[in-house]
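Structure first, then comments.
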Amino acid sequence: MKRVDDFRLKFGKKEFVPIMVGGMGVDISTAELALEAVRLGGIGHISDAMVPDVSDRRFDTSFVKDKTRFYKHNIDNSDKSTIKFDLAVLADATRRHVDATMQAKRGEGLVFVNCMEKLTMNAPRETLQVRMASALDAGIDGITLSAGLHLGSFGLIADHPRFRDAKLGIIVSSVRALQLFLRKNAKLDRRPDYVIVEGPLAGGHLGFGMDWAQYDLATIMAEIVQFMKTEQLDIPVIAAGGIFTGSDAVSFLEQGAAAVQVATRFTVANECGLPDKVKQEYFRASEEDIVVNTISPTGYPMRMLRNTPAIGAGIRPNCEAYGYLLDGNGNCAYITAYNQQVALHPDSKTISVMDKTCLCTHMRNFNCWTCGHYTYRLKDTTRRLEDGSYQSLSAEHIFKDYQFSVDQQVALPG
Ligand SMILES: Cc1cc2nc3c(=O)[nH]c(=O)nc-3n(C[C@H](O)[C@H](O)[C@H](O)COP(=O)(O)O)c2cc1C
Numbered sequence: 088m089k090r091v092d093d094f095r096l097k098f099g100k101k102e103f104v105p106i107m108v109g110g111m112g113v114d115i116s117t118a119e120l121a122l123e124a125v126r127l128g129g130i131g132h133i134s135d136a137m138v139p140d141v142s143d144r145r146f147d148t149s150f151v152k153d154k155t156r157f158y159k160h161n162i163d164n165s166d167k168s169t170i171k172f173d174l175a176v177l178a179d180a181t182r183r184h185v186d187a188t189m190q191a192k193r194g195e196g197l198v199f200v201n202c203m204e205k206l207t208m209n210a211p212r213e214t215l216q217v218r219m220a221s222a223l224d225a226g227i228d229g230i231t232l233s234a235g236l237h238l239g240s241f242g243l244i245a246d247h248p249r250f251r252d253a254k255l256g257i258i259v260s261s262v263r264a265l266q267l268f269l270r271k272n273a274k275l276d277r278r279p280d281y282v283i284v285e286g287p288l289a290g291g292h293l294g295f296g297m298d299w300a301q302y303d304l305a306t307i308m309a310e311i312v313q314f315m316k317t318e319q320l321d322i323p324v325i326a327a328g329g330i331f332t333g334s335d336a337v338s339f340l341e342q343g344a345a346a347v348q349v350a351t352r353f354t355v356a357n358e359c360g361l362p363d364k365v366k367q368e369y370f371r372a373s374e375e376d377i378v379v380n381t382i383s384p385t386g387y388p389m390r391m392l393r394n395t396p397a398i399g400a401g402i403r404p405n406c407e408a409y410g411y412l413l414d415g416n417g418n419c420a421y422i423t424a425y426n427q428q429v430a431l432h433p434d435s436k437t438i439s440v441m442d443k444t445c446l447c448t449h450m451r452n453f454n455c456w457t458c459g460h461y462t463y464r465l466k467d468t469t470r471r472l473e474d475g476s477y478q479s480l481s482a483e484h485i486f487k488d489y490q491f492s493v494d495q496q497v498a499l500p501g
């Protein structure tokens, strides 16, 4: 019976354990978590979501406070179009985050950064360019483009000296999205080094509509593997979304996947950035507690725990401090939803906004409990302690369970 360790992910002549720990924004996939995957010979992701805030926490910078102070005069103004990111600050924060992670790197694996296009930051092209270029400057091994079609993203860094040596990949949820990406970038003569195929059971935002349940990862994988064969493209295809056991992973590796990307199992790892009490919420969740809704202002459906504090919270938009989802014109769907509720309840001190959520603030405060479909199985991966809580696990334990387990088994911690 095969196990994940019988397979290797190959990038050129280099070989890796075919396990990628997926990016989980805002510092849920911490450097510590990514570095464990790297030490064990796989691929770990950090995320550049809200990186000035991450830098403040990691390096005691004051980027968010400075920005808030600078735009304080605008707090009561519903027009957020003048709020811009200082690109030098964004570059500085990204370099710090990536550089410190790369300096701490041990082992044979690689560190990639997850870069979401939907973080439009009121200047989509300029900010994305700075984020990617600064990560490359600071020596990141690779960039995973996510949450968007990224049709112009390669073009933004085509002049960077590391454009051809760093690993660049993209997350897609359909063969159509991949075809579009390849077509748009054909003139750059630079193919992605890997393609992650994310199915509808993943955590975070979904690359599907609310009809996500009609799709399944195995079918999309088969279509994309076939497409690669037909086009004679030799690009590793990596399966993601709902791969919960080593045996699940093996079935994708046997079907032609070069590796798997996993995340949910690692949300309860000691090295994961979620606060301990939130990890316990993930452990406790039952199947009915996991919902897909449209409260994310990005327009993508998102999966989360039903009792997540972000649902219905009517806080004032916090774009002066954050503003990561402002489109190029100072708009965010949460601002619109919030203003509607304020207009409907002019005398209320507190309001509830059900349609959308202030995702920046809630992700920043670990109050948007996004999770994968199989979160309800996490309780089966550990032991229950005497006080009723669940024992958290080391990332090494989870990684090795994926790597060596067979027969749908999950090893419990010692
Ligand atoms: C808590 C959480 C946060 C996530 N955040 C992001 C993100 O910021 N960007 C992204 O591209 N994917 C994100 N994902 C998706 C994962 O990187 C990964 O592809 C997917 O969840 C794999 O499926 P699994 O969780 O069933 O293993 C997130 C997943 C989880 C569970």
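For the sequence shown, my numbering gives the first residue as 88, with consecutive numbering after it. No residue lacks a Cβ here, since even glycine has one placed at the ideal position from N, Cα and C.
Option in the options with minimal Cα separation from residue i
i           : options            : result
residue 273 : 293, 249, 301, 238 : 238
residue 165 : 416, 483, 231, 492 : 416
residue 159 : 408, 418, 424      : 408
residue 474 : 175, 224, 367      : 367
residue 280 : 488, 490, 98, 142  : 98
residue 176 : 107, 301, 431, 152 : 152
residue 333 : 484, 113, 168, 361 : 484
residue 413 : 211, 327, 370, 469 : 211
residue 229 : 401, 451, 109, 444 : 109
residue 235 : 411, 206, 262      : 206
residue 73  : 262, 130, 419, 216 : Here the chain comprises residues numbered 88 to 501, so residue 73 is not present and cannot be evaluated.
residue 393 : 386, 382, 402, 300 : 382
residue 231 : 198, 213, 225      : 198
residue 102 : 449, 345, 419      : 345
residue 104 : 447, 336, 462      : 336
Residue i to residue j span [Cα, whole Å]
i           : j           : result
residue 359 : residue 202 : 18 Å
residue 478 : residue 391 : 22 Å
residue 250 : residue 244 : 6 Å
residue 269 : residue 322 : 12 Å
residue 94  : residue 341 : 9 Å
residue 331 : residue 353 : 10 Å
residue 138 : residue 179 : 10 Å
residue 147 : residue 140 : 10 Å
residue 96  : residue 218 : 27 Å
residue 267 : residue 242 : 14 Å
residue 161 : residue 167 : 8 Å
residue 134 : residue 112 : 5 Å
residue 437 : residue 326 : 44 Å
residue 209 : residue 107 : 31 Å
residue 120 : residue 482 : 7 Å
residue 136 : residue 117 : 11 Å
residue 350 : residue 486 : 11 Å
residue 282 : residue 171 : 32 Å
residue 220 : residue 447 : 23 Å
Three-state secondary structure (DSSP) of residue i
i           : result
residue 97  : strand
residue 477 : strand
residue 216 : helix
residue 160 : helix
residue 112 : coil
residue 427 : helix
residue 491 : helix
residue 366 : helix
residue 315 : helix
residue 409 : coil
residue 352 : helix
residue 392 : strand
residue 107 : strand
residue 272 : helix
residue 208 : coil
residue 172 : coil
residue 150 : helix
residue 466 : helix
Burial state of residue i, where buried means 16 or more other Cβ atoms lie within 10 Å
i           : result
residue 292 : buried
residue 127 : buried
residue 285 : buried
residue 313 : exposed
residue 440 : buried
residue 88  : exposed
residue 132 : buried
residue 490 : buried
residue 184 : buried
residue 467 : exposed
residue 123 : buried
residue 248 : exposed
residue 493 : exposed
residue 472 : exposed
residue 389 : buried
residue 465 : buried
residue 399 : exposed
Within-8 Å CB hit, residue i to chain B
i           : result
residue 104 : Note that chain B does not occur in the displayed structure, where there is just one protein chain.
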